[in-house]
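Visitor: Mind having a look at this structure? Questions to follow.
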Amino acid sequence: MRRVMYVVRILGMKRRYTFKLGTGHVIEGMDRAMTGMCIGEKRKIVIPPNLGFKDGHKQAGETLYYVVQLVDLFRAVPGLKWVEDDGLSIEVVHKIDEDECIKSAPGDTIHQQYNLQLADSTWIDSSFDRKEPYIFRLGAKKVIEGIDRAMTNMCEGEHRKVIVPPHLGYGLEGSPPKIPGNATLHFYIILEKLIKKDEL
Numbered sequence: 001m002r003r004v005m006y007v008v009r010i011l012g013m014k015r016r017y018t019f020k021l022g023t024g025h026v027i028e029g030m031d032r033a034m035t036g037m038c039i040g041e042k043r044k045i046v047i048p049p050n051l052g053f054k055d056g057h058k059q060a061g062e063t064l065y066y067v068v069q070l071v072d073l074f075r076a077v078p079g080l081k082w083v084e085d086d087g088l089s090i091e092v093v094h095k096i097d098e099d100e101c102i103k104s105a106p107g108d109t110i111h112q113q114y115n116l117q118l119a120d121s122t123w124i125d126s127s128f129d130r131k132e133p134y135i136f137r138l139g140a141k142k143v144i145e146g147i148d149r150a151m152t153n154m155c156e157g158e159h160r161k162v163i164v165p166p167h168l169g170y171g172l173e174g175s176p177p178k179i180p181g182n183a184t185l186h187f188y189i190i191l192e193k194l195i196k197k198d199e200l
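Just so you know, we're using the UniProt record's numbering here: the sequence shown kicks off at 1 and counts up by one.
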């Protein structure tokens with residue numbers, strides 16, 4: 001079944017979130033508050049503790065205040081989800097038809113949009129904040145191994161959720177000051193544009 005993806009901006013934070021309603025991807029209060037919104041609409045939301053973050057989160061037990069805007073909607077075509085032997089987890093959130101797919105390979109130039117957070121939902125970084133994609137050559141060790149692998153054999157226009165274990169990310173040292181050592185990384189990535197190596 002195809003699901004509608006919500007692209008949401010929390011005012012004052014610049015960041016965007018992409019998620020499906022009714023699937024547990026966001027806290028229950030946010031899920032309920034955004035049901036029925038129109039593109040461009042803004043809402044002030046007050047979320048009581050019982051509909052907010054669960055025990056163990058740094059904001060568990062707090063009343064939460066948000067102003068949110070629905071930036072866009074698109075109908076996702078979900079694809080496969082798999083976990084590789086070394087723990088790299090990949091879920092195709094929005095797939096491209098095979099006959100329309102331009103697939104990435106080592107040596108290609110990638111224009112990537114991404115959101116990055118830690119396992120406890122701590123926000124780290126987003127290309128959307130800079131309003132431009134991150135550009136790199138696939139297989140050239142310009143990004144962490146987990147992302148290099150997760151974006152190989154990916155179609156232009158495809159969306160993926162990727163969970164990168166520490167040994168495929170920043171390892172025991174992390175990337176101070178934002179990313180601690182031994183951190184599991186949660187990415188939402190979009191292959192926005194692909195330039196094949198034979199086109200360069």
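All C-beta atoms in this analysis are idealised placements derived from N, C-alpha and C, irrespective of residue type, glycine included. This one's a predicted model, so the numbers in the text were calculated from it and none came from an experiment.
Let me know if Ile39 comes out buried or exposed under the rule of 16 or more other beta-carbons within 10 Å of its beta-carbon.
Guide: By one-based count along the sequence shown, residue 39 stands at place 39. It counts as exposed.
Visitor: Does the distance from the C-beta atom of Glu199 to that of Gly157 stay below 9 Å?
Guide: For the purposes of this step, residue 199 is identified with residue 199 of the sequence shown, where counting begins at 1. For the purposes of this step, residue 157 is identified with residue 157 of the sequence shown, where counting begins at 1. Contact: no.
Visitor: Please report how far the alpha carbon of Asn153 lies from the alpha carbon of Gln112, in whole angstroms.
Guide: One-based indexing of the sequence shown puts residue 153 at position 153. One-based indexing of the sequence shown puts residue 112 at position 112. Cα to Cα, the separation comes out at about 14 Å.
Visitor: Have a look at Ile27 and Ala105 and give me their C-alpha separation to the nearest angstrom.
Guide: In the sequence shown, counting from the first residue as 1, residue 27 sits at position 27. In the sequence shown, counting from the first residue as 1, residue 105 sits at position 105. Cα-Cα distance, rounded: 37 Å.
Visitor: Secondary structure at Leu138, three-state DSSP: helix, strand or coil?
Guide: Numbered from its first residue, the sequence shown carries residue 138 at position 138. Three-state DSSP puts Leu138 in coil, outside helix and strand.
Visitor: Whose C-beta lies closer than 6 Å to the C-beta of Gly181 among residues of the same chain, with five residues either side of it excluded?
Guide: Indexing the sequence shown from 1 puts residue 181 at position 181. Once the five neighbours on either side are set aside, the close Cβ partners of Gly181 are Leu172, Glu173, Gly174.
Visitor: Would you please state the rounded distance, in angstroms, between the beta carbons of Ala150 and Leu88? I believe it to be under 8 Å.
Guide: Your numbering for residue 150 matches position 150 in the sequence shown. Your numbering for residue 88 matches position 88 in the sequence shown. Correct: roughly 7 Å between the Cβ atoms.
Visitor: What is the rounded straight-line gap between the Cα of Arg9 and the Cα of Val93?
Guide: Taking the first residue of the sequence shown as 1, we reach residue 9 at position 9. Taking the first residue of the sequence shown as 1, we reach residue 93 at position 93. Computed Cα separation, rounded: 19 Å.
Visitor: What is the rounded straight-line gap between the Cα of Lys54 and the Cα of Gly107?
Guide: One-based indexing of the sequence shown puts residue 54 at position 54. One-based indexing of the sequence shown puts residue 107 at position 107. Spanning the two alpha carbons is a distance of roughly 43 Å.
Visitor: Taking DSSP as the reference, what is the three-state secondary structure of Phe74?
Guide: On the sequence shown, position 74 is the one that residue 74 refers to. Correct three-state label for Phe74: strand.
Visitor: Helix, strand or coil for Lys196? Go by DSSP, reduced to three states.
Guide: The residue given as residue 196 occupies position 196 in the sequence shown. Residue state, collapsed to three classes: coil.
Visitor: Output the residue ranges of the alpha helix (DSSP H) runs that lie fully inside the stretch 8-55 and measure 4 residues or longer, sorted by chain position.
Guide: Whole alpha helix (DSSP H) segments, 4+ residues: 28-33.
Visitor: Cβ of Asn115 within 9 Å of Cβ of Thr184?
Guide: Counted from its first residue, the sequence shown places residue 115 at position 115. Counted from its first residue, the sequence shown places residue 184 at position 184. No, the pair does not count as a contact, with Cβ atoms beyond the cut-off.
Visitor: Is the distance from the Cβ of Leu168 to the Cβ of Asp85 below 9 Å?
Guide: Translated into the one-based positions of the sequence shown, residue 168 becomes position 168. Translated into the one-based positions of the sequence shown, residue 85 becomes position 85. No, these two residues do not count as a Cβ contact at 9 Å.
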